[in-house]
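First up is the structure itself, then whatever we jot down about it.
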Amino acid sequence: MMRRLTRREVLGFGLIVSGSAVLAACRQALGQTVPGPTSPSASRPVAGEASAPQSELPPVAEGKAPAILARPGEVTISSNEDFYTVAYRYDTLVVPLDKWQLEIGGAVENPRSYTLNEIRAMPSVTEMRTLECISNPIGGNLIGNAWWKGVSMRHILEQAGVKPSGIELKIESVDGFSTGIPLALAMHPHSLLAYEMNGVPLPADHGFPLRCLWPGRYGMKQPKWVQRLTIVEQPYLGYWEQQGWSNDAFIKVNSQIRMPDRQEISLSGGPVTIAGTAFSGEAGVAKVEVSLDDGKTWQEAALTRGPQPFTPYTWTEWRYEWTPPAEGKYTLAVRATDNESNTQEKRGFSLLGGTYPEGTNGIHSISVQIKRG
């Protein structure tokens, strides 16, 4: 599979829209040895390349969790090695625990720092959560669903004692990436600092030792390799927000067709299964509809939702069984509607897939050829 360009690489090619729009730094993880810096201006750190001490973590190979298949009535969990990854400067950054601490400061009564062991000793939270890149194109694969374990962000902030003057949380990562979120989002009961993914310590390319998980926002707002949290008294714009990408980064309702995964289908094979995933922000997916005639008519699909209370924060899987009436070429399409009545829209051609500056809710469609067996 061809590696997708990072935002920094596109800047190098001079592909600039509205003065500062660039493609998202997302790619599908392929399980290969990942390259080093994704930009000539980024140099790989020399210090801190050693793996985490084994005394800190159980002996689990990073990024090698087996594929996890859905049981009947459950949504699918993406394996760690197949879960998409995001590149700001480095595809993978190995952070040594003997040099890492999580620092909490700014407008707080009790600034302090934590080791990973201290964080792991706190009351833990395990939640299913879907992550999606803001640059996921229509029908794209820059989306994944996993079980995450960590600590409540609210618990951390309550220990720090946030001052009334604080309005936002500034998050800084070891790789230099930073962003800001409203304090209310940081205090959300489903906002987490995660240190495990699908039952194993966070793989290096997914943010070891600690990453953020906020409900209802695209991945650009959920940094990996987190090392510093600062309560600030003024709004803070991170790197990509300064390039014109959405500061809110609310997830738009979207859906993808994953089956059929081939263009030619035999009539003798019985009903054709049309299936895929749908996702939305905190409103959650209300319904998914399938069109067999390029959007002229729509039929409602059967849904499998994530478990409560995580349903709004996970993708919904949908399925429709179709018996083609005759041979010929058909254009299949899917659209989802959320619980606030937002429905996907048909989009024309766009240079950046319609994702800039706030993601896309374009309708995904594919063409299939039905032939007699």
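Just so we're aligned, residue 381 is where the sequence shown starts under this note's numbering, counting upward by one.
C-beta atoms are modelled at their ideal positions from N, C-alpha and C, and glycine is treated no differently.
CA-to-CA distance, residue 492 to residue 483, given in whole angstroms: Start at 1 with the first residue of the sequence shown, and residue 483 comes out as number 103. Start at 1 with the first residue of the sequence shown, and residue 492 comes out as number 112. Near 6 Å, if we compare the C-alpha coordinates of residue 492 and residue 483.
Using the Cα positions of residue 552 and residue 603, report the straight-line distance between them to the nearest angstrom. As a first step, residue 552 must be located in the sequence shown, where it is residue number 172. As a first step, residue 603 must be located in the sequence shown, where it is residue number 223. Looking at the two C-alpha atoms, the distance is approximately 8 Å.
Would you call the region 621-631 and the region 604-611 touching, i.e. three or more CB-CB distances under 8 Å? no
Starting from residue 537, follow the beta strand (DSSP E) in both directions and report where the run begins and ends. Within the sequence shown, residue 537 is the residue found at index 157, counting from 1. Where residue 537 is concerned, there is no enclosing beta strand (DSSP E), although the alpha helix (DSSP H) it sits in stretches over 533-540.
Could you have a look at residue 621 and say whether DSSP puts it in helix, strand or coil? Taking the first residue of the sequence shown as 1, we reach residue 621 at position 241. DSSP places residue 621 in helix when its eight states are reduced to three.
Of the choices 528, 480 and 738, whose alpha-carbon is the least far from that of residue 581? Here the question's residue 581 lines up with position 201 in the sequence shown. The shortest Cα separation from residue 581 among 528, 480 and 738 belongs to 528.
State yes or no: is the C-beta of residue 664 within less than 8 Å of the C-beta of residue 578? Here residue 664 refers to the residue found at position 284 when the sequence shown is read from its first residue. Here residue 578 refers to the residue found at position 198 when the sequence shown is read from its first residue. Contact flag unset, no.
If you drop the 5 nearest sequence neighbours on each side, which residues of the same chain put their C-beta closer than 7 Å to that of residue 694? The count along the sequence shown starts at 1 and reaches residue 694 at position 314. Excluding residues within five positions, the ones whose Cβ falls inside 7 Å are 455, 508, 509, 510, 525 and 686.
Three or more C-beta pairs under 8 Å: does that hold for the region 628-639 against the region 652-663? yes
Got a sec? Which residues, its chain only, sit under 6 Å from residue 745 by beta carbon, not counting five neighbours each side? Position 365 of the sequence shown, counting from 1, holds the residue named residue 745. So the qualifying residues of the chain are 711 and 713.
In the DSSP assignment, find the unbroken beta strand (DSSP E) run with residue 552 in it and report its ends. Position 172 of the sequence shown, counted from the first residue, corresponds to residue 552. 548-553 is the span of the beta strand (DSSP E), which, as asked, contains residue 552.
Nearest candidate by alpha-carbon position, reference residue 480, set 540, 564, 588 and 541: Position 100 of the sequence shown, counted from the first residue, corresponds to residue 480. For residue 480, the nearest C-alpha among the options comes from 588.
Tell me whether residue 631 sits in a helix, a strand or coil according to DSSP, three-state version. Position 251 of the sequence shown, counted from the start, is the residue given in the question as residue 631. Reduced to three states, the DSSP call for residue 631 is coil.
Residue 600 in three-state terms, based on DSSP: Working through the sequence shown from its first residue, we reach residue 600 at position 220. Helix.
Straight-line Cα distance separating residue 706 from residue 592: Stepping through the sequence shown from its first residue, residue 592 is reached at position 212. Stepping through the sequence shown from its first residue, residue 706 is reached at position 326. About 50 Å.
For residue 500, which three-state DSSP category applies? Here residue 500 refers to the residue found at position 120 when the sequence shown is read from its first residue. Correct three-state label for residue 500: helix.
Three-state class that DSSP yields for residue 568 in the structure shown: Here residue 568 is taken as the residue at index 188 of the sequence shown, counted from 1. In the structure shown, residue 568 sits in coil (DSSP, three-state: anything other than H, G, I, E or B).
Report back the beta-carbon spacing between residue 599 and residue 475 to the nearest angstrom; my notes put them in contact at under 8 Å. Taking the first residue of the sequence shown as 1, we reach residue 599 at position 219. Taking the first residue of the sequence shown as 1, we reach residue 475 at position 95. The pair is not a contact, with the Cβ atoms about 19 Å apart (cut-off 8 Å).
Start-to-end residues for the beta strand (DSSP E) that takes in residue 751: Residue numbering aside, residue 751 sits at position 371 when the sequence shown is read from its first letter. It spans 744-751 - the beta strand (DSSP E) in which residue 751 sits, taken as one unbroken run.
So residue 543 packs on residue 616, CB below 8 Å; how close in whole Å? For the purposes of this step, residue 543 is taken as residue 163 along the sequence shown, with counting starting at 1. For the purposes of this step, residue 616 is taken as residue 236 along the sequence shown, with counting starting at 1. In fact, because the Cβ distance is near 16 Å, the residues do not count as touching under 8 Å.
Using 8 Å as the threshold, is the C-beta distance between residue 680 and residue 669 below it? Against the sequence shown, residue 680 aligns to sequence position 300. Against the sequence shown, residue 669 aligns to sequence position 289. Yes, they are a contact pair.
Delimiting residues of the beta strand (DSSP E) encompassing residue 700: Here residue 700 corresponds to residue number 320 of the sequence shown, with the count starting at 1. Taken as a continuous stretch (DSSP letters only), the beta strand (DSSP E) holding residue 700 covers 696-702.
Which residues in the same chain as residue 613 place their Cβ atom closer than 7 Å to its Cβ, once the five residues preceding and following it in sequence are excluded? Position 233 of the sequence shown, counting from 1, holds the residue named residue 613. Cβ neighbours of residue 613 beyond the five flanking positions: 487, 545, 546 and 547.
What does the Cβ neighbour count give for residue 632, buried or exposed, with the cut at 16 atoms within 10 Å? Numbered from its first residue, the sequence shown carries residue 632 at position 252. Classification of residue 632: buried, given that the 10 Å Cβ count is 16 or more.
For residue 642, count neighbouring C-beta atoms within 10 Å of its own C-beta (all shown protein chains included) and say buried if the count is 16 or more, exposed if not. For the purposes of this step, residue 642 is taken as the residue at position 262 of the sequence shown. That one is exposed.
Taking C-beta to C-beta, are residue 473 and residue 574 nearer than 8 Å? Here residue 473 corresponds to residue number 93 of the sequence shown, with the count starting at 1. Here residue 574 corresponds to residue number 194 of the sequence shown, with the count starting at 1. Result no, Cβ atoms of residue 473 and residue 574 do not sit closer than 8 Å.
Find the nearest neighbour of residue 567 within the set 540, 586 and 517, judged by alpha-carbon distance. If you number the sequence shown from 1, residue 567 lands on position 187. It is 540.
Could you check the C-alpha separation between residue 701 and residue 459 for me, to the nearest Å? Translated into positions along the sequence shown, residue 701 becomes position 321. Translated into positions along the sequence shown, residue 459 becomes position 79. Cα to Cα, residue 701 sits roughly 27 Å from residue 459.
What would DSSP say about residue 491, mapped onto helix, strand or coil? Taking the sequence shown and counting its residues from 1, one reaches residue 491 at position 111. Looking at residue 491 - three-state DSSP - the assignment turns out to be coil, as it is neither helix nor strand.
Using only CA atoms, which one of 696, 595, 586 and 533 lies nearest to residue 461? In the sequence shown, counting from the first residue as 1, residue 461 sits at position 81. Among 696, 595, 586 and 533, the Cα nearest to that of residue 461 belongs to 586.
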